[in-house]
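> Those protein sequences? They're chains A and B, same order as listed.
In terms of our numbering, the first sequence opens at residue 4 and continues consecutively.
In terms of our numbering, the second sequence opens at residue 4 and continues consecutively.
Would you mind keeping the following structure in view while I ask a few things?
Protein chains: 2
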Amino acid sequence: MNIAVLVSGSGTNLQALIDAQNKNELSGRIACVISSKPGVYSLERARLAGIDSVVLPTRKSGEDVEAKLLEALGKYDIGLVVLAGFLSILGEQVISKYRNRIINVHPSLIPSFCGKGFYGLKVHESALQYGVKVSGATVHFVNEIPDGGAIILQKAVEVKQGDTPETLQRRIMEEAEWKLLPEAVRLFCEGKLRVVDNKTIITEEN
Amino acid sequence: MNIAVLVSGSGTNLQALIDAQNKNELSGRIACVISSKPGVYSLERARLAGIDSVVLPTRKSGEDVEAKLLEALGKYDIGLVVLAGFLSILGEQVISKYRNRIINVHPSLIPSFCGKGFYGLKVHESALQYGVKVSGATVHFVNEIPDGGAIILQKAVEVKQGDTPETLQRRIMEEAEWKLLPEAVRLFCEGKLRVVDNKTIITEEN
């Protein structure tokens with residue numbers, strides 16, 4: 004199973020996937036890293052791991068980014084698309100063609116603090132402003148609704164008094180995102196995920 | 004600190020409070036149990052524990068239930084009102100007079116699956132229909148907005164495949180509600196809860 008990891012920044016979730024691959028825990032192969040921005044550290048991580056990378060600046064006008072993305076996914080014979088801190092919205096063609104083969108990690112317990120406008124630090128700012136004592140992360144399939152696809156895995160993380168958006172973000176990454184994402188990729192690559200009625204059934208016995 | 008526990012049914016959360024009191028873990032005294040329904044098992048639990056009880060049928064027309072509730076709370080010199088499966092809505096006078104002295108337990112991780120219309124099994128039906136992998140319980144102060152008051156404690160509980168609303172409800176009670184509620188009462192009675200900007204600050208050092 005060939006995997007494409009889509010990134011926009013420093014790529015700590017990409018690193019978690021590379022580390023899992025190096026420990027033979029992924030049951031698939033990261034075939035390419037696709038970045039929506041040039042010059043980000045994710046591209047260096049890919050280079051150091053010997054993984055091909057593609058830069059597809061989504062803000063560049065006059066180019067059909069979606070066509071180029073589809074082209075890259077086809078070229079590498081991608082069976083699973085992983086959004087790992089990818090800050091652009093995927094086009095409908097990609098979502099439709101790769102239905103139930105695109106997964107995303109979101110830094111909250113969906114349906115809390117998710118949907119349009121909730122990304123990056125904004126998610127954690129909102130959780131702290133609300134005053135929740137538990138937050139967490141969610142890995143889910145991607146459909147046409149922002150953060151609306153079937154939930155694959157979730158993990159709760161304690162919110163501590165004195166947390167800032169930054170400290171909460173870091174704890175959720177360390178305790179949840181970096182564990183859930185490789186685990187979800189493994190389950191997918193081993194054929195253990197099935198989506199029924201926008202819910203994910205996990206069959207640990209294959 | 005005198006505590007009133009308001010109930011409407013069998014009273015498993017009331018029992019958790021009685022058990023904590025018997026182990027001297029409550030730092031307060033359950034002075035009366037107030038039921039919105041006659042004949043419920045909560046009243047028997049109160050009797051067995053030697054606790055006074057009051058029945059205030061909220062559906063009875065022609066009676067000022069709120070005045071009778073205020074009268075009962077005054078008579079027992081109540082400092083903390085605990086809603087433990089109380090299926091009626093408190094009146095504005097009670098909420099106002101006992102501001103930040105009324106706590107409720109809700110069987111989800113607020114802000115998920117809460118607010119108007121979300122009570123009892125409906126909460127768990129909604130969580131299962133959404134397909135979350137983690138749910139839980141929340142103890143919070145009561146204000147004028149349904150489930151909108153400051154969150155005191157939350158605890159996550161795993162949703163398992165094959166869960167029905169009933170099995171999920173039971174697991175959330177056992178793993179979260181019956182632990183969180185006595186703990187929140189203890190913190191309140193020991194003066195360790197402070198509400199600022201609709202968020203609860205817990206000071207373990209008194």
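Each residue gets a CB set at the ideal place from its N, CA and C atoms; glycine is no exception.
Residues of the segment 108 to 135 of chain B with a CB closer than 9 angstroms to any CB of chain A: list them in chain order, please.
Listed by position along the chain: L112, I113, P114, S115, F116, L131, Q132, Y133, G134 and V135.
> May I ask you to verify whether the segment 80 to 87 of chain A touches the segment 47 to 63 of chain A, counting CB pairs closer than 8 angstroms and requiring at least 3?
No contact exists between the segment 80 to 87 of chain A and the segment 47 to 63 of chain A.
> What number of angstroms, rounded off, separates the C-alpha of Y133(A) from the C-alpha of I37(A)?
C-alpha separation (whole angstroms): 35 angstroms.
> Drop a sphere of 10 angstroms on the beta-carbon of N27(B), count the other beta-carbons inside from all chains shown, and report buried for 16 or more, exposed for fewer.
That one is exposed.
> Return yes when the Cβ of A130(A) is within less than 7 angstroms of the Cβ of E180(A), no when it is not.
No. Outside cutoff.
> Rounded to whole angstroms, what's the CA-CA distance from S138(A) to G118(A)? Just pull it up for me.
So the alpha carbons of these two residues sit roughly 16 angstroms apart.
> Can you tell me which of the three DSSP states G77(A) falls into?
Three-state result, G77(A): helix.
> For K136(B), name the three-state secondary structure that DSSP assigns.
K136(B): coil per DSSP, three-state reduction.
> Sort out for me which residues DSSP pairs A159(B) with in a bridge.
Answer is G139(B), bridged to A159(B).
> So what's I112(B) in DSSP terms, helix, strand or just coil?
What sits at residue 112(B) in the sequence shown is Leu, not Ile. Coil, per DSSP.
> Residues of chain A with CB closer than 9 angstroms to the CB of K163(B), please, in chain order.
Neighbours of K163(B) on chain A: none; closest Cβ ~11 angstroms, over 9 angstroms.
> Straight-line CA distance for Y122(B) to V108(B)?
Those two C-alpha atoms are separated by around 11 angstroms.
> Applying the 10 Å Cβ sphere with the 16-neighbour rule, what's the burial state of P110(A)?
Buried, because 16 or more other Cβ atoms sit within 10 Å of the Cβ of P110(A).
> State the Cα-Cα distance for the pair G165(A) and A187(B), rounded to the nearest angstrom.
The straight-line gap from Cα to Cα measures roughly 20 angstroms.
> Sort L171(B), T206(B) and E193(B) by Cα distance to K163(B) and report the nearest one.
The shortest C-alpha separation from K163(B) is found at L171(B).
> Looking only at its chain, what residues have a beta carbon closer than 6 angstroms to the beta carbon of A87(B), apart from the 5 residues adjacent to it on each side?
Once the five neighbours on either side are set aside, the close Cβ partners of A87(B) are V8, V10, N16 and L17.
> If contact means a Cβ-Cβ distance below 7 angstroms, which residues of the segment 137 to 156 of chain A contact chain B?
Cβ contacts with chain B: V137, G139, A153, I154 and L156.
> May I have the straight-line CA-CA distance separating L29(B) from A75(B), to the nearest angstrom?
Roughly 21 angstroms between the two C-alpha positions.
> In chain B, what lies closer than 9 angstroms to T203(A) by C-beta?
Those within 9 angstroms of T203(A) in chain B are G134 and K136.
> Identify every run of the alpha helix (DSSP H) within the segment 149 to 194 of chain B, keeping only runs that are complete inside it and at least 4 residues long; order them along the chain.
Listed in chain order, the complete alpha helix (DSSP H) runs (minimum 4 residues) inside the segment 149 to 194 of chain B are 168 to 175 and 181 to 192.
> Quick one: residues in its chain with C-beta nearer than 6 angstroms to the C-beta of Y101(B), no 5 flanking neighbours on either side, listed in chain order?
Excluding sequence neighbours, Y101(B) sits near V84.
> Give a yes or no on whether the C-beta atoms belonging to L93(B) and V142(B) are separated by under 7 angstroms.
Cβ distance not < 7 angstroms, so L93(B) and V142(B) don't count as in contact.
> Of all the CB atoms in chain B, is at least one closer than 7 angstroms to the CB of A187(A)?
Not an interface residue.
> Under 8 angstroms, CB to CB, which of the residues in the segment 66 to 77 of chain A have a partner in chain B?
Listed by position along the chain: nothing, the set is empty.
> Leaving out five residues on either side along the sequence, give the residues of the same chain with a beta carbon under 8 angstroms from the beta carbon of Y44(A).
Within the same chain, Y44(A) has close Cβ partners G12, S13 and G14.
> Along the segment 9 to 30 of chain B, what residues have a CB closer than 7 angstroms to any CB found in chain A?
Those residues of the segment 9 to 30 of chain B that come within reach of chain A (Cβ to Cβ, closer than 7 angstroms) do not exist; the list is empty.
> Establish whether the CB of A179(A) and some CB of chain B are separated by less than 7 angstroms.
Output row for A179(A): interface = no.
> Taking all protein chains shown into account, do 16 or more other C-beta atoms lie within 10 angstroms of the C-beta of A70(B), making it buried, or fewer, making it exposed?
With fewer than 16 Cβ atoms within 10 Å of its Cβ, A70(B) is classed as exposed.
> Evaluate V199(B) with the Cβ neighbour count: other Cβ atoms within 10 Å of its Cβ, from every protein chain shown; 16 or more gives buried, anything less gives exposed.
It counts as exposed.
> Cβ atoms of S115(A) and P114(B): under 7 angstroms apart, would you say?
Cβ atoms of P114(B) and S115(A): closer than 7 angstroms.
> Name the residue from N5(B), A34(B), P41(B) and H127(B) whose alpha carbon lies nearest to the alpha carbon of F89(B).
With distances taken between Cα atoms, F89(B) lies closest to P41(B).
> With C-beta atoms as the reference, is V68(B) less than 7 angstroms away from C35(B)?
No, the pair does not count as a contact, with Cβ atoms beyond the cut-off.
> List the endpoints of the continuous alpha helix (DSSP H) containing T206(B).
T206(B) -> no alpha helix (DSSP H), and no H or E assigned at all.
> Closest Cβ-Cβ distance between A7(A) and chain B: below 7 angstroms?
Not one chain B Cβ lies under 7 angstroms of A7(A).
> Rounded to the nearest angstrom, how far is the Cβ of L59(A) from that of L72(A), given a contact under 8 angstroms?
So it is a contact: roughly 6 angstroms between Cβ atoms.
> Quick one: using the 10 Å Cβ neighbour count with 16 as the cut-off for buried, is L124(B) buried or exposed?
Its Cβ having fewer than 16 others within 10 Å, L124(B) is exposed.
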